[in-house]
Amino acid sequence: MTINEMKPGETRAVKGLTAGGALGQRLMDLGFFPGAAVQVVRNAPLVDPVELELDGYHMSIRHDEAGHVEVE
Amino acid sequence: MALAGQPNCGKTTVFNMLTGARQHVANYPGVTVEKKSGRFSAEGRPVELVDLPGTYSLTSYSLEERVARDFILYDKPRAIINVADASNLKRNLYLTLQLFEMGVPVVLNLNMMDVAERRGIGVDARGLQEYFGSPVVPTVGKKGSGAPQLKAAVAALADAGPARAFAVDYGPLEPFVAEIGDLVAADPQAAGAYPSRWLAIKLLEADAEAANLLARHHPEAAEVMERVQALRARFETEAGLSADRHIAFTRHRLCADIFRRFVTVPGEKRRTLSDKADSFVCHRFAGPVILVLILLGLYQISIVFGGWVALQVWPVWGSLESFTEGLLPAAGFLDDPLLRSLGMWTVKSVTAILNYLPIFFLLFALIAILEDSGYMPRMAFILDRLFRRFGLHGQSTLPLILGGVYVGGCAIPAVMATKAIPDERARLATILVAPMMNCLAKVPLYLILISAYFADHAGMAMFFIATVTLFMALPVAKALSLTVLRRRESAPFIMEMPPYHLPTAGGVLRRALERIWLFVKKIVTVVVAVAVIVFMLINFPNLGRERLEDYAARRDAAVDAFMAEVDKTSFKGRIAPEDVLALVLFEEDMKSAKRGVSDQARADAINARFAEANPVFYAVVSREGKDGKALNRALKGVINTRKELRRNMRAERFEASFLGVAGRALEPLTQWAGFNWRINIALLSAFAAKENSAATLGAIYGIDGEGGGSVEQGMLAGEEGFTPLHALALMLFMALYPPCIPASIMVRMQTNSSKWMLFSIGYQTLLGLAVATLVFTGGRLLGLSGVQAMWAFYGLCVAATVGMALIPEKTARELSGPQTRQPKEGIAS
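Top to bottom, those sequences are chains A and B. Each residue of the first sequence is one higher than the one before, starting from 537 at the first, in our numbering. Each residue of the second sequence is one higher than the one before, starting from 214 at the first, in our numbering.
Laid out in structure tokens, this is it:
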């Protein structure tokens, strides 16, 4: 399962990343690492992007990219 | 020293707290990333502090990170002050660990301590200091507290010299790091160039820039790289995960560990004020409404209210003009001395731009408020989906609004505001389409054309031109990003949404003034240079001798007629023929001195001054007695003749000038767009500033450019056979008109390349010409009226917009391509 499939309000732990390159590096730098808790806060008014809470701070990320983060 | 930190950690406030007003803003060489530096004194020793771009990490994937890293690597700061958000320490430490890795002494600055305290977060600064073996200093940048301690720590660190650097233990990877480190350090030349442990880690991370670095400095780079590849592969099979993952995850685990040991958090998670605000601001329905209200407010305050302020401030620029006028040699009857006409032209070009300063100031201040408050990422969040379909970015909203998404904006702040867009490709696309919006200066020409040719449909025509621009800009942006921008670097859209901040008046004011100053410095100097060139183009070559003699004869006739009247009155003998010009100028001076004076006492004082200066002239101008009245009538005749002669001469000179010749030469091409040479001249002159188009048309049709009404009538009378279709083509060309010179300069600054500036000018000219030709020639072939062609074109644009939206945008999969991807290829090509 990936973040992309989580519903707003749900919290799960990150399992792994399926992206390499710039995207993978960026995801890692922002704190997506195995065990980190991530909550889907809400979708944007046009559904994409999605707002997440990761370790106490908020970020928005496109669904395309959120699909590269696997969760438990 | 360097100041490093992640975005939204309050780095700017710490920078301001340390350096005060002693700052200098420039760009890092070769890139558009802003480089701020400042000075302060730490315990009596002078320190130069460079503000590095805010970055989450120090990889070579993003421009900012490369810039920050290269500065540490090549400029070798004595120490780094690492600003970290104390309320969000876990993530902030991730950068701290990497800074330690680079082998430069680090002072860890725990900023925003007040926010942490408010949220009940406790940070054990002393414990951290012992753990890292480096100074840790808490501050509240906003209030300036902790500055002396931070300065003292910096001074102490500089005295101590190189200290034992804190190193992350990478566990099973350590033997690999050690082996590569030894290989790297084996060469004495390479060993001195960079910290070997850092380079070894970067090579194992498969960092593309690190490989280049090695190739540049190490004689056996190929062998080392081969070994690195082999070790990477071995580690991956042994550990079951790639070395770069392992490195990043280890750092994160260490951050979490440090966080657990030295930071106490309140047991229950409280919903912060920011979260509550976000449930409205980012709400599915309320969010867009709030967005529209904010943008409307921005428009009302900056453009509407700012326009009013500009009008109030105008007398300042006006008096600058009259002041210069007074310094320059006096006007002639027909021709003014070159020094005067060139001087006035230049001053007027500058005041035309300065006139916009109040608008810009308000805009810059409002943008600073939006930026500081944290609203910008929310705006991007709400609109990203829409803009992404067109190769743009959620952050493209503001530049397009500033450019004039409806009517009234300016391309200069629009292009300036693209700085915030993190995605290089979308940023360039935004820069390239922002000048297509309806800036304030395009409006006069629209108004002239609409009231001359679409008088019955004025409201509709205005709506058409105000909205069609967006439907042209969006498909063009998509087309550009699919073609010329295809190879540009694109960044994943992952944007932090920081907690809301109340912007401080000082911070906003400082930023607005900084940007205004940058604008004045860069733009105004260029405008002066360009004004001189344009002046030459529209004034030379001069009229032939025959034409000049003809004008001189008409001047002499007017003077003679006046002298004949003089001889009939008591002024006979007191006014000589050579006094006539002086008398005309005397009348002009007196009129301008009394302009706007309603107070009787002041008017009397002015009268007395002029009466004293020249009693004879004064008697004529103020119609003293029967003779004075009679002669005043004759004087009015001379003044009108002079005006008419000067106007005709100007129009004629215009036609004969280099620009006029160019306008004629272009006619065979532009006739398909419905432009004759007169229109061509007006359009060419608009390149300096678009307001010129209306003024030039006025000059060509023999009307002074004041008041739109007269230009329309002049145009209707002067252009027989001109139809609404002609007007429509012209309006569309103006909409797509290339950025004016100041905006082009801004494009150059923001893209850091003259090539993009020229491209921006060239493609918009061609596009404008193509659209105008399509509408004019197409409309004529189909026998469409102006209004029919207008809506047909509107439909075409909407269809193009929808069509372009359906072409799928680049997906994340491309971004996540092979790990060896050279991130710089986009820049090199």
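Glycine included, C-beta positions come from ideal geometry on N, C-alpha and C.
I'd like to know whether the C-beta of Glu601 (chain A) is nearer than 8 Å to at least one C-beta of chain B. yes
Residue interval of the alpha helix (DSSP H) (run including Phe379 (chain B)): Per DSSP, Phe379 (chain B) belongs to no alpha helix (DSSP H) and is neither H nor E.
Mapping the DSSP letters down to three states, classify Glu387 (chain B) as helix, strand or coil. helix
How about Met537 (chain A): is its C-beta nearer than 8 Å to some C-beta of chain B? no
DSSP on Pro408 (chain B), reduced to helix/strand/coil? coil
Could you pull the DSSP bridge partners for Gln236 (chain B) from this structure? B:Gly251
Go ahead and pull the three-state DSSP assignment for Gly567 (chain A). coil
So which residues on chain A does Arg497 (chain B) lean against when the C-beta distance must stay under 7 Å? Pro581
Cα-Cα separation, Gly267 (chain B) to Lys224 (chain B): 8 Å
Thr978 (chain B) - DSSP class collapsed to helix/strand/coil: helix
Looking at C-beta atoms only, is the number of pairs between the stretch 952–959 of chain B and the stretch 731–750 of chain B that lie closer than 8 Å three or more? yes
Taking all protein chains shown into account, decide if Phe600 (chain B) is buried (16 or more other Cβ within 10 angstroms of its Cβ) or exposed. buried
What residues in its chain sit with their C-beta under 6 Å from that of Leu879 (chain B), if we drop five residues either side in the sequence? Asn893
From B:Cys953, B:Thr226, B:Val745 and B:His606, residue whose alpha carbon lies closest to that of Pro648 (chain B): B:Cys953
List the residues of chain A that Asn327 (chain B) touches, going by C-beta distances under 8 Å, in chain order. Here residue 327 (chain B) is Asp; the residue named in the question, Asn, does not match the sequence. Correct list: empty, because the minimum Cβ distance to chain A is about 17 Å.
Neighbour flag for Ile1020 (chain B) against chain A, beta carbons, 8 Å: no
According to the Cβ coordinates, are Leu308 (chain B) and Ala423 (chain B) closer than 8 Å? no
Please list, in chain order, all residues of the same chain as Thr909 (chain B) whose beta carbon is under 6 Å from its beta carbon, the five residues on each side excluded. Ala895 and Ser898
Which chain B residues sit within Cβ distance under 7 Å of Gln561 (chain A)? Thr272 and Tyr274
Can you list, in chain order, the residues of the stretch 709–736 of chain B whose Cβ is nearer than 7 Å to any Cβ on chain A? Glu709 and Met710
Name the chain A residues that come within less than 9 Å of Arg598 (chain B), Cβ to Cβ? Ala580, Pro581, Leu582, Val583, Asp584, Pro585 and Arg598
Counted within 10 angstroms of its Cβ, other Cβ atoms place His237 (chain B) as buried (16 or more) or exposed: exposed
Any C-beta of chain A within less than 9 Å: which residues of the stretch 299–314 of chain B qualify? Ser300, Asn301, Lys303, Arg304, Tyr307 and Leu308
Taking the alpha helix (DSSP H) that Leu1102 (chain B) falls in, what are its first and last residues? The requested residue 1102 (chain B) is not part of the displayed model; chain B covers only 214 to 1042.
Starting from the N-terminal side, write out each stretch of the alpha helix (DSSP H) that is 4 residues or longer and does not extend beyond the stretch 698–722 of chain B. none
Between which residues of its own chain and Leu761 (chain B) is the CB-CB distance below 8 Å, once the five residues before and five after are set aside? Asn755
So that I know if they touch, is there some Cβ in chain A lying closer than 8 Å to that of Tyr666 (chain B)? no
Rounded to a whole number of angstroms, what is the C-alpha to C-alpha distance between Pro705 (chain B) and Tyr269 (chain B)? 14 Å
Could one say the Cβ of Ala642 (chain B) lies closer than 8 Å to chain A's Cβ atoms, at least one of them? no
Taking the alpha carbon of Gln608 (chain B) as the reference point, which residue from B:Gly617, B:Ala770, B:Ile625 and B:Asp636 has its own alpha carbon closest? B:Asp636
With a threshold of 16 other CB atoms inside 10 Å of the CB of Glu278 (chain B), please say whether the residue is buried or exposed. buried
His431 (chain B) and Val478 (chain B) - do their beta-carbons sit closer together than 8 Å? no
Name the DSSP beta bridge partners of Val268 (chain B), please? Per the sequence presented here, residue 268 (chain B) reads as Thr, with Val not at that position. Looking at the DSSP assignment, Thr268 (chain B) forms no beta bridge with any residue, so it has no partner.
On the CB-based measure, 16 or more other CB atoms within 10 Å of its CB, does Gly922 (chain B) come out buried or exposed? Caution applies to Gly922 (chain B), whose pLDDT of 46 falls short of 50 and renders its modelled position unreliable; the value that the coordinates give is listed next. Exposed, by the Cβ-count rule.
Three-way DSSP call (helix, strand, coil) for Thr477 (chain B) in this model: strand
How should Phe448 (chain B) be labelled, buried or exposed, when 16 other C-beta atoms within 10 angstroms of its C-beta is the threshold for buried? buried
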